[in-house]
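261 is the number of the first residue of the sequence shown in our numbering; add one for each residue after it.
Note that beta-carbon positions come from the ideal geometry of N, C-alpha and C, so glycine has one too.
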Amino acid sequence: MNTLHSSMLGAIRTAVTLLTVTLLAACAAAPTVPPAARSELAPTGKLRVGLLVTNPVYVTKDGEAAAIQGIAVDLGRELAKQLGVPFEPVRYRNLAKLLDGAKGDWDVAFIGFEPTRAAYMDFTAPYIEVGNSYLVPAASSIRSVGDADRKGVRIAATPRSAQDVFLSRNLKQAEIVRPASIAAGLDLLAASKVHAVVGNRVTLTDWASKKPGLRLVEGSIFNVGQAIAVAKGRPAGTAYAKRFIEYAKASGLVQQAIERSRLQGLSVAAASAY
């Protein structure tokens, strides 16, 4: 019995290993593009990719189409390549305008998942996750993320951003001020009109390196999964985008894009069933 039991266990382990390898290989192979997906994702014959060029999580260097760089740029180019169409970046310097672009200005966009956005765009699973915190004056009494939620504290948040939505739901005492951008929020901080600026840790780290006298608060308020968004009404395109992002994670494309960006503190998101 012991010999039989051992043989059965060995066979089960082998089967599980083979199944795991098969699944990983399937994820690492570029998914086939159905004609309907190509038509929905590139109705103009190009893949128009919405990019927030002011956020280094997406774009680390702006420029002409051939010169623009960043994690989202790399993945957008690869998606266009798989579809067999040209890559066309659609640049935004304002998040609200990028969100409004879902009405027809772009085909896909790289953006943080936020449940309220699911009303007018569909999302893949995340390809990376990014923490969020506060940028404050070096001498600020805000030492941890929890210190910011106090009476009299004013926090600058970009309108309609994931940070704005999260803080609107969760802050008990602090007040939210909504300048048009993080840059505008930093102007308010310099003028002592707000006590902190909220944003993702990558963007805030970049700003802190450029503006002496500012400090990034330790810890993370919450994490945001960065995903591909597809405008509503494109089911075949959305289904393909979901398969593509899993392929990009499993094949190493996302990790390679992170390494090329030289951004710190980012990691590939976990695989997801689609």
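Reduced DSSP category for residue i - H, G, I as helix; E, B as strand; rest coil
{"i": "residue 504", "result": "helix"}
{"i": "residue 528", "result": "strand"}
{"i": "residue 457", "result": "strand"}
{"i": "residue 334", "result": "helix"}
{"i": "residue 401", "result": "coil"}
{"i": "residue 420", "result": "coil"}
{"i": "residue 373", "result": "coil"}
{"i": "residue 230", "result": "Shown here, the chain extends from 261 to 534; a query on residue 230 therefore has no answer."}
{"i": "residue 295", "result": "helix"}
{"i": "residue 509", "result": "helix"}
{"i": "residue 449", "result": "helix"}
{"i": "residue 365", "result": "coil"}
{"i": "residue 409", "result": "coil"}
{"i": "residue 354", "result": "coil"}
{"i": "residue 495", "result": "helix"}
{"i": "residue 392", "result": "strand"}
{"i": "residue 516", "result": "helix"}
{"i": "residue 383", "result": "strand"}
{"i": "residue 426", "result": "helix"}
Contact set for residue i: own chain, Cβ-Cβ below 6 angstroms, skip 5 residues either direction
{"i": "residue 437", "result": "414, 416 and 454"}
{"i": "residue 566", "result": "Nothing in the structure corresponds to residue 566, since the chain is present only between 261 and 534."}
{"i": "residue 474", "result": "395 and 468"}
{"i": "residue 329", "result": "320 and 321"}
{"i": "residue 284", "result": "Caution applies to residue 284, whose pLDDT of 48 falls short of 50 and renders its modelled position unreliable; the value that the coordinates give is listed next. So no residue of the chain qualifies."}
Nearest to residue i (by Cα), restricted to the options the options
{"i": "residue 451", "options": "396, 526 and 494", "result": "396"}
{"i": "residue 307", "options": "495, 522, 333 and 486", "result": "333"}
{"i": "residue 343", "options": "331, 292, 517 and 428", "result": "292"}
{"i": "residue 407", "options": "503, 354, 479 and 526", "result": "479"}
{"i": "residue 483", "options": "445, 441, 526 and 312", "result": "526"}
{"i": "residue 523", "options": "492, 303, 390 and 385", "result": "390"}
{"i": "residue 517", "options": "388, 341 and 380", "result": "388"}
{"i": "residue 442", "options": "533, 422 and 402", "result": "422"}
{"i": "residue 354", "options": "420, 427, 533 and 433", "result": "420"}
{"i": "residue 532", "options": "511, 519, 515 and 506", "result": "506"}
Sequence-distant residues of its chain with Cβ nearer than 7 angstroms to residue i (five each side left out)
{"i": "residue 464", "result": "393, 395 and 476"}
{"i": "residue 425", "result": "374 and 376"}
{"i": "residue 496", "result": "294, 296, 297 and 300"}
{"i": "residue 386", "result": "373, 485, 486, 487 and 529"}
Assumed close pair residue i, residue j - CB separation to whole angstroms, cut-off 8 angstroms
{"i": "residue 372", "j": "residue 485", "result": "7 angstroms"}
{"i": "residue 501", "j": "residue 490", "result": "5 angstroms"}
{"i": "residue 364", "j": "residue 352", "result": "Their Cβ separation, rounded to whole angstroms, is 14 angstroms, which puts residue 364 and residue 352 out of contact at 8 angstroms."}
{"i": "residue 349", "j": "residue 312", "result": "In fact, because the Cβ distance is near 11 angstroms, the residues do not count as touching under 8 angstroms."}
{"i": "residue 370", "j": "residue 318", "result": "5 angstroms"}
{"i": "residue 304", "j": "residue 521", "result": "The Cβ separation is near 28 angstroms, so there is no contact."}
{"i": "residue 513", "j": "residue 324", "result": "Not a contact, Cβ separation roughly 23 angstroms."}
{"i": "residue 331", "j": "residue 405", "result": "With a Cβ gap of about 25 angstroms, residue 331 and residue 405 do not count as contacting."}
{"i": "residue 410", "j": "residue 433", "result": "6 angstroms"}
Interface flag, residue i vs chain D, CB-CB below 7 angstroms
{"i": "residue 302", "result": "Here there is only one protein chain, and chain D is not present."}
Contact test: residue i Cβ vs the ligand COA heavy atom, cutoff 6 angstroms
{"i": "residue 440", "result": "Judged by which ligands are present, the structure shown has none, so any question about the ligand COA falls away."}
8 angstroms Cβ shell around residue i - same chain, five flanking residues per side excluded
{"i": "residue 281", "result": "Because residue 281 carries a pLDDT of 41, less than 50, the predicted location of this residue cannot be relied on, and the following value inherits that uncertainty. Cβ within range, chain order: n/a, list empty."}
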